[in-house]
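Chains as they are written, first to last, in our numbering: chain A, 3 to 146; chain B, 3 to 146.
Yeah, the Cβ is synthetic: ideal placement off N, Cα and C, and Gly gets one too.
None of the values given here were measured: they were computed from a predicted structure.
Written below as structure tokens is the structure these notes are about.
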DNA sequence: GACTCCGTTTAGGCATACCTAAAACAAAAA
DNA sequence: TTTTTGTTTTAGGTATGCCTAAACGGAGTC
């Protein structure tokens with residue numbers, strides 16, 4: 003069930019771009035898998051109570067799913083920041099997404115704090131509602 | 003084939019503790035899997051030319067395997083350092099081992115340089131020949 | 001109202017990586 | 001030399017996560 007995190011994060015991001023339900027085809031694009039794979043995984047997520055699924059219409063995060071996804075997104079943002087600003091690597095958002103679900107809670111937590119404590123309060127929602135094919139967290143310290 | 007890295011790293015460490023061939027049972031312990039699982043994976047590694055396998059005796063890294071394993075070990079050491087000295091987390095060597103094989107070459111490389119450049123030349127071999135149930139890279143800046 | 005199109009879901013398969021239980025083996029004890 | 005003991009390997013099976021091709025459904029067109 004390691005991959006569930008990847009789909010949860012994709013759905014979280016998609017829901018910030020357009021309103022749910024999010025069709026499985028869009029999730030498939032975001033995780034770079036076949037539509038069939040996305041459908042299957044969304045069904046598993048529904049079984050786990052993390053997603054509401056309306057056949058032929060799409061998926062919506064449940065409260066539980068939203069909670070997990072928000073955590074994952076925080077980790078993802080921290081990793082993206084780390085790759086870009088610490089390791090000086092661009093275009094590693096994809097790897098950040100893949101890795102977000104693989105870190106232990108401790109490591110994820112410390113990484114997020116490393117970012118927050120060292121950079122003021124970063125606006126984690128930054129760019130969530132922005133344009134672009136991928137969620138590129140710029141980590142500006144405030145937005146509105 | 004993501005898990006191959008885990009076994010390769012275990013074998014690398016084991017070979018520094020006692021002389022090869024390393025019996026599959028010992029690898030099984032190091033990766034926390036059943037002996038049967040270790041045997042199977044070692045057979046796959048042999049097929050891939052990364053390991054020499056003598057039935058009922060054990061495995062030895064080939065030159066190719068050694069090369070890959072040494073890289074993995076470098077990444078592992080860097081991750082361990084990062085978890086301990088940057089994130090201030092102890093007892094995360096296990097996670098470092100699991101993660102070492104999951105990082106892209108770029109990220110692994112930058113992470114290693116982050117460690118090397120910021121800490122003098124760390125002795126990557128430190129503790130490889132030391133006692134203890136796990137390989138705990140202390141990252142002292144020199145040894146002999 | 002029937003048809004066409006396009007996206008979604010189901011069906012059938014496959015690779016990886018694991019497990020338990022049974023068989024095979026090697027080395028030491030009797 | 002035979003037996004016992006402990007380890008390794010094989011056999012058979014399972015879960016996850018993916019794929020392609022076929023079937024299905026819905027929305028707009030004729």
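**Message:** For a contact defined as C-beta to C-beta under 8 Å, what are the partners of residue 94(A) on chain B?
**Reply:** Per Cβ cutoff of 8 Å: 106, 108, 109.
**Request:** Compare the C-beta of residue 5(B) against all C-beta atoms of chain A and say whether one is closer than 7 Å.
**Result:** Interface residue (Cβ-Cβ distance to chain A less than 7 Å): residue 5(B) is not classified as such.
**Item:** Closest Cα partner of residue 102(A) within the set 49(A), 113(A), 92(A)
**Value:** Cα-wise, what sits closest to residue 102(A) is 113(A).
**Asked** Can the beta-carbon of residue 37(A) be found less than 7 Å from the beta-carbon of residue 26(A)?
**Response** Cβ atoms of residue 37(A) and residue 26(A): closer than 7 Å.
**Message:** Can you tell me whether residue 75(A) is buried or exposed? The criterion is at least 16 other CB atoms within 10 Å of its CB, across all chains shown.
**Reply:** Only buried fits residue 75(A), as 16 or more other CB atoms lie within 10 angstroms of its CB.
**Message:** Let's test the definition: count the other Cβ atoms within 10 Å of the Cβ of residue 7(B) and tell me whether it reaches 16, buried, or not, exposed.
**Reply:** Classification of residue 7(B): buried, given that the 10 Å Cβ count is 16 or more.
**Item:** CA-to-CA distance, residue 32(B) to residue 41(B), given in whole angstroms
**Value:** Distance between the alpha carbons of residue 41(B) and residue 32(B) is about 13 Å.
**Prompt:** Does residue 91(B) have its Cβ less than 7 Å from a Cβ in chain A?
**Reply:** So, interface residue.
**Prompt:** Near residue 19(B), what residues of its chain come up, given a Cβ to Cβ distance below 6 Å and the 5 sequence neighbours on each side ignored?
**Reply:** Apart from sequence neighbours up to five positions away, no residue of its chain approaches residue 19(B) with a beta-carbon distance below 6 Å.
**Asked** CB-CB under 7 Å to residue 16(B), same chain, minus the five flanking residues each way: which ones, in chain order?
**Response** Excluding residues within five positions, the ones whose Cβ falls inside 7 Å are 24, 28, 29, 32.
**Message:** Under 8 Å, with one C-beta from each stretch per pair, do the region 83-93 of chain A and the region 103-110 of chain B reach the 3-pair mark?
**Reply:** Enough Cβ pairs lie closer than 8 Å, so yes.
**Prompt:** With burial defined as no fewer than 16 other Cβ atoms inside 10 Å of the residue's Cβ, what is the status of residue 34(A): buried or exposed?
**Reply:** Burial is judged here by how many other beta carbons sit within 10 angstroms of a residue's own beta carbon; residue 34(A) has fewer than 16 and is exposed.
**Prompt:** Does DSSP put residue 27(A) in a helix, a strand or coil?
**Reply:** Of the three classes helix, strand and coil, the one that applies to residue 27(A) here is helix, per DSSP.
**Request:** Assuming residue 99(B) and residue 10(B) form a contact by the criterion Cβ under 8 Å, report the distance between their Cβ atoms to the nearest whole angstrom.
**Result:** The beta-carbon distance between residue 99(B) and residue 10(B), rounded to whole angstroms, is 11 Å. This is too long to meet the 8 Å contact definition.
**Request:** Spatial neighbours of residue 146(B) within its chain, please: CB distance less than 8 Å, with the 5 preceding and 5 following residues excluded, ordered by chain position.
**Result:** Note that residue 146(B) scores 30 on pLDDT, short of 50, meaning its location in the model is unreliable and no value can be drawn from it.
**Asked** By a C-beta neighbour count over all protein chains shown, 10 Å radius and 16 as the cutoff for buried, is residue 70(A) buried or exposed?
**Response** The residue in question, residue 70(A), is buried, as its Cβ has 16 or more Cβ neighbours within 10 Å.
**Request:** Verify the CB distance criterion: does residue 97(A) have a CB-CB separation below 7 Å to chain B?
**Result:** Under the 7 Å criterion on CB atoms, residue 97(A) is classed as interfacial with respect to chain B.
**Request:** Within 10 angstroms of the Cβ of residue 4(B), are there 16 or more other Cβ atoms? Answer buried if so, exposed if not.
**Result:** When all chains shown are included, residue 4(B) counts as exposed.
**Message:** Taking the straight line between their C-alpha atoms, what separation do you get for residue 141(A) and residue 84(B)?
**Reply:** Residue placement at residue 141(A) is poorly supported in this model, since its pLDDT is 38, which falls under 50; the coordinates are not used for a value here.
**Message:** Would you say residue 59(B) lies against chain A (beta-carbon separation less than 7 Å)?
**Reply:** Closer than 7 Å: no.
**Request:** Find out if the Cβ-Cβ distance for the pair residue 54(B), residue 64(B) is shorter than 7 Å.
**Result:** For residue 54(B) and residue 64(B), yes; Cβs fall inside 7 Å.
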